[in-house]
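Worksheet for the structure shown next.
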Amino acid sequence: MKLEVRGVIVPNDDKWVYDLLEMDATSPKDIADQLKDAIGHVEVLINSGGGDVTAGSEIYTMLREHTGTVNVKIVGLAASAASVIAMAGDKVEISPTASIMIHNAWTYAAGDTNDFKRVYDMLDSTNRGIANAYVEKTGKSEAEILDLMNKETWFNAQDAIEHGFADSKMFAENTPRLVANAGQMLSDDVINRVSAIMNKTPEVKIDVDAIAEKVIEKMNNKTETEPEVKNGLKRFFF
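Read left to right, the sequence shown gives residues -17 to 220 (our numbering).
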C-alpha cells in the first residue's frame, strides 16, 4: 500500500479548511483511514514543510506501530514535523534532489513573565521529545541532535545519508556489492564487458582463452579497482 504525506501537517479538526481551499494537507485521520486496511509492506511518500507537532507525532506513532515494514521515500521536502514522520520508516530513501530540515518547535504566546516561563519550559520539553525520533534513527546523542535543531539544519540527500537521517538515495542503481572474499573477485564492470563480448553475433569468433588471460593479466596488474568518478562543472538551473 502507498500512503502520501503532502502539504501541511494539520490536526483532524482543521483538515476541512484546507480541503475547502483545495490546499494540500495531511491529518492523522488521513493516515489512520488508510492504515486500518493495510497488511504487510507500506510505502510512504513525503513532500511536506511540516506543521503541527502533535499531529506529526501521532502520524509518526501510527507508522511505528504498523505491524508490517514501512518504507519512507522523501520525494521533495521533509521539514519540521514531516521530518519526524520520516523517521518512522524501517528504511528511509531520499530523492537526489530532496531535502530534510530539522529545527526547534515554536509557538505564539502572550502574558506575564510566569506565562512566558511556562511557554519556554513547554517548548524545551517539546524539542527534547522531537529529538527522540532523530536520536533513535541516527544514533546521534541527544546533545548533538538538539544542537542541529537549534541551528535549523538543512540536509541535502548526501548529507542526510551521512548523518543517518536517511538510509539511501532513490534511483541509486550503482550500489556497490558487498563481498566477503579474501581472493580476487571480478568487478561488475569486468563481468559486464565480458558479457557484452559474449553476446555479439554468432559470426564473430570468440577466443575464450584469450579473454580469460586478459582478465587474469588485468587483475594481476591492478588488485584494487577504484570506481570511476567523472568530475566537472555542470550547468544548473533553479
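Each residue gets a CB set at the ideal place from its N, CA and C atoms; glycine is no exception. Model, not experiment: these values are computed from the prediction.
>> Suppose the cutoff is 6 Å on Cβ atoms and the five residues either side in sequence are ignored; what does the same chain contact list for residue 61 look like?
In response: If we look at residue 61 and ignore the five residues flanking it on each side, its Cβ neighbours are 31, 32, 83.
> To which residues of the same chain is residue 143 closer than 8 Å at the C-beta, ignoring the five residues directly before and after it?
Replying inline: Setting aside the 5 residues that flank it on each side, residue 143 is surrounded in the same chain by 76, 149, 150, 151, each with a C-beta closer than 8 Å to its C-beta; the list follows chain order.
> With a Cβ-Cβ cutoff of 8 Å, do residue 146 and residue 119 count as a contact?
Replying inline: With contacts defined as CB atoms closer than 8 Å, residue 146 and residue 119 qualify as a contacting pair.
>> Assuming residue 67 and residue 42 are in contact, meaning their beta carbons sit under 8 Å apart, how far apart are those beta carbons, in whole angstroms?
In response: Contact flag correct, Cβ pair sits at about 5 Å.
>> Using C-beta distances below 6 Å, list every residue in its chain close to residue 95, excluding the 5 sequence neighbours before and after it, in chain order.
In response: Cβ within range, chain order: n/a, list empty.
> Between residue 86 and residue 131, is the Cβ-Cβ spacing less than 8 Å?
Replying inline: In this structure, residue 131 lies closer than 8 Å to residue 86 by Cβ.
> What are the residues that DSSP puts in a beta bridge with residue 83?
Replying inline: As a beta-bridge residue in DSSP terms, residue 83 pairs with 61, 136.
> Tell me, which residues are paired with residue 29 by DSSP?
Replying inline: For residue 29, which the question treats as bridged, DSSP gives the partners -12.
>> Is the beta carbon of residue 47 closer than 8 Å to that of residue -16?
In response: Cβ atoms of residue -16 and residue 47: not closer than 8 Å.
> What span of residues does the beta strand (DSSP E) with residue 73 cover, start to end?
Replying inline: Note, residue 73: beta strand (DSSP E), 73 to 76.
> So what does residue 53 bridge to, in DSSP terms?
Replying inline: Paired residue(s): 25, 73.
> Could you give the residue range of the alpha helix (DSSP H) that holds residue 10?
Replying inline: Here the alpha helix (DSSP H) through residue 10 covers 10 to 17.
> What's the gap between the Cα of residue -1 and the Cα of residue -8?
Replying inline: Note on geometry: alpha-carbon atoms of residue -1 and residue -8 lie some 10 Å from one another.
> Taking the alpha carbon of residue 18 as the point to measure from, which residue in 137, 50, 71, 125 has its own alpha carbon closest?
Replying inline: The candidate whose alpha carbon is nearest that of residue 18 is 50.
>> What would DSSP say about residue 123, mapped onto helix, strand or coil?
In response: In the structure shown, residue 123 falls within a coil segment according to DSSP collapsed to helix, strand and coil.
>> Would residue 35 and residue 108 be called neighbours here (beta carbons separated by less than 8 Å)?
In response: Contact flag set, yes.
> With 16 as the cutoff for other CB atoms within 10 Å, does residue 158 come out buried or exposed?
Replying inline: At residue 158, the pLDDT of 49 sits below 50, so the modelled position is not reliable; the number obtained from the coordinates is stated separately. Exposed: under 16 other Cβ atoms inside 10 Å.
>> Using the three-state DSSP reduction, which class does residue 7 fall into: helix, strand or coil?
In response: Look at residue 7 here: in three-state DSSP terms it is strand.
> Short check: CB of residue 81 to CB of residue 137, under 8 Å?
Replying inline: When the beta-carbon positions are compared, residue 81 and residue 137 come within less than 8 Å of each other.
> For residue 151, which beta-bridge partners are listed by DSSP?
Replying inline: Residue pairing from DSSP places residue 151 in a beta bridge opposite 76.
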